[in-house]
Amino acid sequence: MFAISLRHAVLLTSLAFAAVTQASSFDCATANSKTEKAICGDPQISLLDEKLGKLWHSTLANVPDAQALKTDQRQWLKNRNACGEQTACLRRQYLMRLTELEHATQPFSWDATWQLIPPGTSTSATVITQRRDATHISIDITAAEGANSGDLDGIATLKDGKAVYSEDECTLLFTPINGVLDISLVGAGGYCSAGLGVYYTGRFVASQQPLALDYDMLSLGLAQTPEENQALHTLLKTDYQTLVEKSGSLMTAEPSADVPGSQVWEMWMRGLGGTGVVMRSTAGHFWVLLVTYDSTGHSRLRYYTNAAKWKKRLPDALHDWNERMKDHLELPVDFMP
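Listed below in structure tokens is the structure:
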């Protein structure tokens, strides 16, 4: 299966520039860019690339405007390649593009509810568009980043198949790309947001319910191998998904002085502040301190580790994070088995 997936690693590049009926062969020994080498070196990303290659074939054959899809694919390839060799970034790019292509063949209508294809676990947005007459579309956007949210509504002008909303110094362009809606800024667009990290732009698909992409510790970069991802599943159990959902923004912190070779990430979510800290070692051990809630709804900190000698005490990095948190949120620590 791995050898088959590698043949598809650059399939999308050729498809983006010309309609072909047969994939070109790709030998990973000839991979030149950091992105190509990262795809070849990660079996799961190779499988995502293979899945996307197959979906591309069926989508291209069934969309109303194949040329628009090819043009859009060129831009997606640029975005993907900007990840370089960062496998977490590549996973997110593939998961988002797969979701988009799955909806691209749906008939486009201005009378619809749209959901953002989220670039992470803390970002969401819902857009309701409705045709008012031949040249006007009403828009109603609700967007959120972490615990912060914002709303925007008004009337957009429809011309040449696209809609433009302009109010004061905010101008948004609504562009149909087959069955997908792209919302982008026109000009600097500094005022097209609710502030506090809440924006109204992105790729949207027709859906009544918000999208939940298959983000995990690998796509967040907190686990670097499938084995580490499974280790975190085993360690955290039901709190695995809690950690994914609360990951928000990840900030690299100083290694723990008492754990050689450690890597530390602090989690922060807009409107909530610090939500946890994750540390891993080269020996495959993990330490997690996570803000959670007990059965009465009160906040607590849960501490997990798969390093036996650390079960009852916090390494320096986690202890220091907890001390800083006490300036505005002092919580009891539950040492998990």
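Under mature numbering (1 follows the signal peptide of the UniProt record, and there is no 0), the letters of the sequence shown match residues -18 to -1, 1 to 319, in that order.
Just so it is clear, CB atoms sit at the ideal spot from N, CA and C, and this is done for glycine as well.
Let me check one thing: in DSSP terms, what residues is residue i bridge-paired to?
{"i": "R113", "result": "I119"}
{"i": "V146", "result": "T139 and L155"}
{"i": "L283", "result": "V273 and V315"}
{"i": "F90", "result": "In DSSP, F90 forms no bridge with anything."}
{"i": "N130", "result": "E127"}
{"i": "M251", "result": "G255"}
{"i": "residue 329", "result": "The structure shown does not extend to residue 329, since the chain is modelled only from -18 to 319, so the question has no answer here."}
{"i": "T41", "result": "According to DSSP, T41 bridges with nothing at all."}
{"i": "W96", "result": "V109 and A188"}
With DSSP collapsed to three states, give me the class of residue i.
{"i": "M78", "result": "helix"}
{"i": "G230", "result": "strand"}
{"i": "T278", "result": "coil"}
{"i": "Y181", "result": "strand"}
{"i": "residue 326", "result": "Since the displayed the chain opens at -18 and closes at 319, residue 326 lies outside it and no answer follows."}
{"i": "V162", "result": "strand"}
{"i": "A213", "result": "helix"}
{"i": "A170", "result": "coil"}
{"i": "A265", "result": "coil"}
{"i": "A239", "result": "coil"}
{"i": "A20", "result": "helix"}
{"i": "residue 351", "result": "Shown here, the chain extends from -18 to 319; a query on residue 351 therefore has no answer."}
{"i": "G102", "result": "coil"}
{"i": "S244", "result": "coil"}
{"i": "S175", "result": "strand"}
{"i": "Q206", "result": "coil"}
{"i": "Q57", "result": "helix"}
{"i": "Q68", "result": "coil"}
{"i": "residue 323", "result": "The structure shown does not extend to residue 323, since the chain is modelled only from -18 to 319, so the question has no answer here."}
{"i": "Q4", "result": "Unreliable positioning characterises Q4 in this predicted model, as indicated by a pLDDT of 27, which lies under 50. A coordinate reading is not provided."}
Is residue i near residue j, with beta carbons less than 9 angstroms apart?
{"i": "T224", "j": "L296", "result": "no"}
{"i": "V109", "j": "T95", "result": "yes"}
{"i": "K294", "j": "F317", "result": "yes"}
{"i": "I119", "j": "A138", "result": "yes"}
{"i": "E312", "j": "G266", "result": "no"}
{"i": "P314", "j": "R282", "result": "yes"}
{"i": "R186", "j": "A107", "result": "As written in the sequence, residue 186 is Phe, which differs from the Arg given in the question. Yes. Within cutoff."}
{"i": "A176", "j": "L134", "result": "yes"}
{"i": "P46", "j": "F90", "result": "yes"}
{"i": "G256", "j": "M199", "result": "no"}
{"i": "G184", "j": "D164", "result": "yes"}
{"i": "L140", "j": "T105", "result": "no"}
Expressed to the nearest angstrom, what Euclidean distance is found between the alpha-carbon atoms of residue i and residue j?
{"i": "S201", "j": "W92", "result": "33 angstroms"}
{"i": "D309", "j": "G258", "result": "15 angstroms"}
{"i": "V162", "j": "E248", "result": "35 angstroms"}
{"i": "S238", "j": "A299", "result": "5 angstroms"}
{"i": "A235", "j": "L34", "result": "35 angstroms"}
{"i": "H39", "j": "T153", "result": "35 angstroms"}
{"i": "S15", "j": "L193", "result": "32 angstroms"}
{"i": "R252", "j": "R74", "result": "20 angstroms"}
{"i": "H215", "j": "Y222", "result": "6 angstroms"}
{"i": "L240", "j": "H301", "result": "Note on residue identity: the sequence assigns Asp, not Leu, to residue 240. Computed Cα separation, rounded: 11 angstroms."}
{"i": "E305", "j": "W250", "result": "16 angstroms"}
{"i": "A11", "j": "R114", "result": "56 angstroms"}
{"i": "S131", "j": "D122", "result": "14 angstroms"}
{"i": "A205", "j": "N211", "result": "5 angstroms"}
{"i": "W303", "j": "T274", "result": "16 angstroms"}
{"i": "E84", "j": "T41", "result": "8 angstroms"}
{"i": "L80", "j": "D150", "result": "36 angstroms"}
{"i": "S148", "j": "A50", "result": "25 angstroms"}
{"i": "A290", "j": "S231", "result": "29 angstroms"}
{"i": "Y286", "j": "V146", "result": "50 angstroms"}
{"i": "A43", "j": "Q97", "result": "25 angstroms"}
{"i": "Q190", "j": "E18", "result": "36 angstroms"}
{"i": "A48", "j": "K36", "result": "16 angstroms"}
{"i": "I99", "j": "D54", "result": "16 angstroms"}
My understanding is that residue i touches residue j, with C-beta atoms under 8 angstroms, so please give their C-beta distance in whole angstroms.
{"i": "W245", "j": "M261", "result": "One point to set straight first is that residue 245 is Gln, not Trp, in the sequence displayed. About 7 angstroms separates the two Cβ atoms, so the contact holds."}
{"i": "S229", "j": "T103", "result": "6 angstroms"}
{"i": "C65", "j": "L72", "result": "5 angstroms"}
{"i": "A20", "j": "T69", "result": "6 angstroms"}
{"i": "V180", "j": "E127", "result": "5 angstroms"}
{"i": "M78", "j": "L167", "result": "With a Cβ gap of about 19 angstroms, M78 and L167 do not count as contacting."}
{"i": "Y182", "j": "A125", "result": "5 angstroms"}
{"i": "L178", "j": "N288", "result": "At roughly 36 angstroms, the Cβ-Cβ gap does not stay under 8 angstroms, so L178 and N288 are not in contact."}
Please tell me whether residue i has its Cβ less than 9 angstroms away from any Cβ of chain C.
{"i": "G35", "result": "Chain labels in this structure do not include chain C; a single protein chain is all it has."}
Taking 8 angstroms as the cut-off, is the C-beta of residue i nearer than that to any heavy atom in the ligand MG?
{"i": "N160", "result": "Because no ligand of any kind appears in the structure shown, any question about the ligand MG cannot be addressed here."}
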